[in-house]
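Residue numbering for the sequence shown is -12 to 203, as defined by the working numbering.
Think of the CB as a built atom: it goes at the ideal place given N, C-alpha and C, for glycine as much as any other residue.
Scroll down for the structure; my scribbles are underneath it.
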Amino acid sequence: MAGRGRRLTPTTPAAVRRFFERRYRDARSPERAAAGKAYLKSDLRFYGTTVPEIRRAANDFAREHRDLSRAELRRIVDELWSTDVYELRSAGIALLSRHADLLEERDLPWLLGFVRRSKTWAHVDWLAADVIGGVVGESRSALRRLPAWARDENFWVRRTALLAQLRQLSHEAGDFALFARLASPMLHEREFFIRKALGEQETAGAGLRVPARAPR
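Set out below in structure tokens:
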């Protein structure tokens, strides 16, 4: 396929990690790192790289590796998430987003594993609405996984169940009846990030109607 002969960066997981480490360290800022860590209240290490640069590096890599295989993608993302660096984990999500066409319903348990390990809304929301939401939006059978997620003990997984249809519902697509069933038991949740997810769906034009549409 086109592009394989022009690969400048090897796709071995360690080589890809080093590529992103170099890019993000070159653009680092100790001041931004301290501010980001404090804002997200995260235990991760931060380079202080800007979001545009995080995405730019991922886009550059993706353009160079248009023919990346699903197996390669999974190995690379696993490598990036084996680190404790916020920007490297973000690069993994950005690559998942750029190579969304490689993801399948059978990848959802793997993707949900990153949600469980995220411990920050910045990664959870990106995974839930963009990456996982993309898979769910392409597969009716994938929607059947959401009720179990909505009952999970991990509130980040519950939040993902609510946000997985965010983009579809904001465009008057998706399964609103399912969202209402999932949201109804959570209306009185005390967890801030669950209440915030319900509010985000309201902003998207769905959550406002949940109490009226939820089953009695």
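Report the CB separation of residue i from residue j in whole angstroms; it is logged as a contact under 8 Å.
{"i": "Leu82", "j": "Ala49", "result": "6 Å"}
{"i": "Val123", "j": "Ala151", "result": "5 Å"}
{"i": "Leu169", "j": "Ala135", "result": "Not quite, the Cβ-Cβ distance comes to about 10 Å (not below 8 Å), so this is no contact."}
{"i": "Ala44", "j": "Leu95", "result": "So it is not a contact: roughly 26 Å between Cβ atoms."}
{"i": "Arg154", "j": "Ala116", "result": "6 Å"}
{"i": "Glu92", "j": "Ser126", "result": "5 Å"}
{"i": "Phe101", "j": "Leu114", "result": "6 Å"}
{"i": "Thr36", "j": "Arg15", "result": "6 Å"}
On the CB-based measure, 16 or more other CB atoms within 10 Å of its CB, does residue i come out buried or exposed?
{"i": "Asp88", "result": "exposed"}
{"i": "Val38", "result": "exposed"}
{"i": "Pro(-3)", "result": "exposed"}
{"i": "Arg85", "result": "buried"}
{"i": "Ser77", "result": "buried"}
{"i": "Tyr34", "result": "buried"}
{"i": "Ser56", "result": "exposed"}
{"i": "His110", "result": "buried"}
{"i": "Asp112", "result": "buried"}
{"i": "His52", "result": "buried"}
{"i": "Phe179", "result": "In this prediction, Phe179 has a pLDDT of 49, which is less than 50 and means its spatial position is unreliable; what the coordinates show is noted afterwards. By the 10 Å Cβ count, Phe179 comes out exposed."}
{"i": "Tyr26", "result": "exposed"}
{"i": "Ala58", "result": "exposed"}
Just curious, the alpha helix (DSSP H) that residue i is in, first and last residue?
{"i": "Val38", "result": "Val38 to Glu51"}
{"i": "Tyr73", "result": "Tyr73 to Arg85"}
{"i": "Arg62", "result": "Arg57 to Trp68"}
{"i": "Val3", "result": "Pro0 to Asp13"}
{"i": "Thr147", "result": "Phe142 to Leu150"}
{"i": "Leu99", "result": "Leu95 to Ser105"}
{"i": "Asp112", "result": "Trp108 to Asp112"}
{"i": "Ala167", "result": "Phe163 to Ala170"}
{"i": "Leu27", "result": "Pro17 to Leu27"}
{"i": "Pro134", "result": "Leu133 to Ala137"}
{"i": "Val206", "result": "Lying outside -12 to 203, the shown extent of the chain, residue 206 is not represented and no answer is given."}
For residue i, write down the residues that DSSP places opposite it in a beta bridge.
{"i": "Arg32", "result": "Val72"}
| said: Closer than 8 Å is the cut-off here; do at least three beta carbon pairs connect the stretch 50 to 66 with the stretch -7 to 13? | reply: yes
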